[in-house]
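J.: Numbering (this note's numbering), first residue to last: 33 to 382. Cβ atoms here follow ideal geometry from the backbone N, Cα and C, with glycine treated the same way. Keep in mind the model is a prediction, meaning the values are calculated, not measured.
1) So what's residue 46 in DSSP terms, helix, strand or just coil?
2) Using beta-carbon positions only, say whether residue 231 and residue 255 come within less than 8 Å of one another.
3) Expressed to the nearest angstrom, what Euclidean distance is found between the alpha-carbon atoms of residue 104 and residue 183?
4) Identify which residue in 170, 201 and 197 has its Cα closest to the Cα of residue 190.
5) As a quick exercise: from 145, 84, 75 and 347, pick the residue whose alpha carbon is nearest that of residue 213.
6) With respect to the alpha helix (DSSP H) encompassing residue 312, which residues constitute its N-terminal and C-terminal limits?
7) Give a yes or no on whether the C-beta atoms belonging to residue 292 and residue 141 are separated by under 8 Å.
8) Compare the beta carbon distance of residue 89 and residue 350 with 8 Å and say whether it is the shorter of the two.
9) Are residue 355 and residue 303 touching if we call contact CB-CB under 8 Å?
10) Using three-state DSSP, classify residue 260 as helix, strand or coil.
11) Between residue 123 and residue 288, is the Cβ-Cβ spacing less than 8 Å?
12) Using the three-state DSSP reduction, which class does residue 220 fall into: helix, strand or coil?
13) Using alpha carbons as the reference points, say which of 176, 161, 233 and 162 lies closest to residue 193.
14) Which whole runs of the alpha helix (DSSP H) in the region 233-299 are 4 residues long or more, in chain order?
15) Decide if residue 99 is buried, meaning its Cβ has at least 16 other Cβ atoms within 10 Å, or exposed.
16) So, with DSSP's three-state summary, where would you put residue 149?
17) Which ranges would you report for the beta strand (DSSP E) in the region 45-99 if only whole runs of at least 3 residues count?
18) With residue 205 as the anchor, note down where its beta strand (DSSP E) starts and where it stops.
19) Let me know if residue 252 comes out buried or exposed under the rule of 16 or more other beta-carbons within 10 Å of its beta-carbon.
20) Please return the same chain residues whose Cβ sits closer than 7 Å to the Cβ of residue 129, not counting the five positions on each side in sequence.
21) Pull the bridge partners of residue 179 from the DSSP assignment, please.
22) By how many angstroms is the C-alpha of residue 258 removed from the C-alpha of residue 334?
23) Compare the Cα-Cα distances from residue 383 to each of 243, 111 and 50 and report the closest residue.
24) Might you give, ordered along the chain, the residues of its own chain that have their beta carbon closer than 6 Å to the beta carbon of residue 71, omitting 5 neighbours on each side?
25) Report the residue from 363, 347 and 160 whose alpha carbon sits nearest the alpha carbon of residue 271.
26) Between which two residues does the beta strand (DSSP E) containing residue 376 stretch?
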C-alpha cells in the first residue's frame, strides 16, 4: 500500500496479532485500530485497543457475544468498539436497521449474498475472494436461523431456495450459512420474529464442497505424508489462489440484498435494500475486486466518522446499533451505491 499510494503517511509496520504488547506498541497514539485479520485474533486485538486507548473496528467474528462482553470496559475508557463491520456482516446490518426504522413493526429480516464471481479457468466459489479459512469454516459450521425468540440449528449447506436478486443478477440458488447477523440483529432490532442469512452457491459447487468434506480435505487435523505432518485443509488453501491475486481476473458481481418485512401503519410492506458492484468496475476504478471494496470501505468510512466524532457512542456494538442514515450517506460518497425498493405484501405467518 505504501508503495502503491506513494504517500508518506502510509507506513508499513509488522506485528504478531496474537501478541498484545507488540500491538500496543504499534498502535499507541493512534486513533483507531481496524482489525482486518482473522476472527480468531479479535479478542487479543480488543485487549490491545483497550490498553493502547484506541477505538476498535473489525470485519467479522467467531463469537459476537464474547466481544460484546467488552462493552463496559470500552465505555469506561471512553472508547468505541464496532464489531462485524465489513460487507456482510456490516453493510447487511446497517441495511437491516435502516429498513427496520421505516416500519412500525418488524416481522422478518432476510439477508442474501449474491457473490457471483467467475474466475477464468476455475469455479468462482472454489476461489473465495476473502479469507479462505473463514469461507470454508462458514460453509461447514451448523447454520442458525432466529425464529419466534429462539435460535434454530440447521445442517450445513441446507435451507436451499431460489432467490430473485435485483437485476442484472436475477434468480440464484442460495443456502443457509453460519453468519453473525443472525445472532446480533435480534438483540438490537427489537421484536423481530425471524432472521436468516443465505449465500449463493452454484449447485454443482455444493456437490464438490460436500465431496471435499467427506474425503477429509477440509480437515485441520494433520496427517503424515512422505514423512511430513500436514493439514489437508492447509494443502487445499495453498493450491487455491490468494484473494489479492485475483484483482483483474474476476468477472461477475458482488453484492447483498436485505429484505425486511413488517407493518407500516396498517399496511404490510417489504423493504429490499441492496448494493451491487461488478468486479470489472472495482478493478478499473479501485484496482481490486468488488468483494474487497465492499468489505474494506465500510470500516474505513466508520474510522473516519470516529475520527471526526460523528459517532459518539462509547462501548462495544454491532453495526445495527448505530444510526444508519449518516453511515449510508458517507458510504455513498465512496461509490457504494445503495438502492431501496418498497412493495406492499400480504401478511406473513411465522
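T.: Looking at the atomic coordinates:
1) If DSSP states are grouped into helix, strand and coil, residue 46 belongs with coil.
2) Contact flag unset, no.
3) A direct Cα-Cα distance of roughly 26 Å separates residue 104 from residue 183.
4) Looking at the Cα atoms, 170 is the closest of the given residues.
5) Checked all of 145, 84, 75 and 347; the closest Cα to residue 213 is 145.
6) Looking at the DSSP string, the run of the alpha helix (DSSP H) that includes residue 312 is 311-318.
7) The answer is yes: Cβ separation under 8 Å.
8) Not closer than 8 Å, so no.
9) It is not a contact, given that the beta carbons lie outside the stated cut-off.
10) In the three-state DSSP reduction, residue 260 falls in the strand class (E or B).
11) Taking 8 Å as the cut-off, the Cβ atoms of residue 123 and residue 288 count as close.
12) Residue state, collapsed to three classes: helix.
13) Of the candidates 176, 161, 233 and 162, the residue whose Cα lies closest to the Cα of residue 193 is 233.
14) Those alpha helix (DSSP H) runs which fall completely within the region 233-299 and span 4+ residues are 235-246 and 264-271.
15) Burial call: buried.
16) In the three-state reduction of the DSSP assignment, residue 149 falls in the coil class, being assigned neither a helical nor a strand state.
17) Segments of the beta strand (DSSP E) lying fully in the region 45-99: 64-67 and 87-90.
18) Taken as a continuous stretch (DSSP letters only), the beta strand (DSSP E) holding residue 205 covers 202-208.
19) Label assigned to residue 252: exposed.
20) Correct list, in chain order: 221, 352 and 356.
21) Checking the DSSP bridge columns, you'll see residue 179 partnered with 182 and 226.
22) Spanning the alpha carbons of residue 334 and residue 258 requires a straight line of approximately 49 Å.
23) Past the edges of the chain, shown from 33 to 382, lies residue 383, and the structure says nothing about it.
24) Result list for residue 71: 92, 93 and 94, in chain order.
25) Out of 363, 347 and 160, the CA that lies nearest to the CA of residue 271 is found in 160.
26) 371-376 is the extent of the beta strand (DSSP E) around residue 376.
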